[in-house]
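Numbering (this note's numbering), first residue to last: 15 to 199.
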């Protein structure tokens, strides 16, 4: 067909490996969790003339970015009122940065294995804050230094935890995200 130079190829997978069938080491936990083992996925992109062969990128992105990237590749120009949750990954392919400063994750229910804790998370730079709804606790990790999320920094860095909790709360309100409520007896 000779369409290689006009084709964007994306390889990815569902979030988080299932802990019972795989080993996510060094990542903590697996599918259904807000820890890195439940969030990370492979992403390989080939876009002739845009991506560089063999180049690795470690910027965190989310699956919603794929919609914006595909629209960009197709030349679709969005209007200001055509809001997308993601942004095109094209700047990363050229060694640039994304405009977004934070990623948000919302998982307010139990997973199929019922071993997780419902909650939400925000990642900003190297810091990731998790907020759990069952007991209203937060955990803070520097995922660049602690990829396995073994050292909770919430007590050692209360200002960072408070700032990220405020940012997460604002996002949850802005998006009108459903938050589980305890039943009153």
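All C-beta atoms in this analysis are idealised placements derived from N, C-alpha and C, irrespective of residue type, glycine included.
What's the call for residue i, buried or exposed, on a 16-neighbour Cβ count within 10 Å?
| i | result |
| --- | --- |
| residue 149 | exposed |
| residue 126 | exposed |
| residue 93 | exposed |
| residue 75 | buried |
| residue 111 | exposed |
| residue 142 | buried |
| residue 170 | exposed |
| residue 46 | buried |
| residue 43 | buried |
| residue 123 | exposed |
| residue 15 | exposed |
Let me make sure I understand the geometry here. Which of the options has the alpha-carbon closest to that of residue i?
| i | options | result |
| --- | --- | --- |
| residue 131 | 78, 28, 168, 49 | 49 |
| residue 140 | 157, 121, 71 | 157 |
| residue 164 | 171, 154, 96 | 154 |
| residue 18 | 64, 128, 36 | 64 |
| residue 180 | 166, 123, 72, 138 | 138 |
| residue 85 | 111, 187, 101, 107 | 101 |
| residue 115 | 129, 136, 59 | 136 |
| residue 87 | 71, 62, 177, 70 | 62 |
| residue 134 | 182, 104, 162 | 182 |
| residue 220 | 176, 23, 72, 128 | Nothing can be reported for residue 220: it is not among the residues displayed for the chain, which extend from 15 to 199. |
| residue 78 | 124, 119, 91, 146 | 119 |
| residue 99 | 107, 108, 29, 113 | 113 |
| residue 21 | 162, 59, 105 | 59 |
| residue 129 | 193, 33, 104 | 33 |
| residue 27 | 52, 39, 15 | 52 |
| residue 108 | 15, 195, 70 | 70 |
| residue 196 | 178, 185, 147 | 147 |
Does any residue of chain D have a CB that is nearer than 8 Å to the CB of residue i?
| i | result |
| --- | --- |
| residue 170 | Protein chains in the displayed structure number just one, and chain D is not present. |
Taking DSSP as the reference, what is the three-state secondary structure of residue i?
| i | result |
| --- | --- |
| residue 157 | coil |
| residue 85 | helix |
| residue 142 | strand |
| residue 151 | strand |
| residue 60 | strand |
| residue 126 | coil |
| residue 100 | coil |
| residue 52 | helix |
| residue 112 | coil |
| residue 105 | helix |
| residue 3 | Examination of residue 3 is not possible in this model, given that the chain is present from 15 through 199 alone. |
Looking only at DSSP bridge pairs, what is residue i linked to?
| i | result |
| --- | --- |
| residue 136 | 118, 143 |
**Request:** For the segment 20–48, list the beta strand (DSSP E) runs that are entirely contained and at least 3 residues long, ordered along the chain.
**Result:** Counting only runs of 3 or more residues that sit fully inside the segment 20–48, the beta strand (DSSP E) segments are 22–26, in chain order.
**Secondary structure, alpha helix (DSSP H): runs of 4+ residues fully inside the segment 172–198** = 172–188
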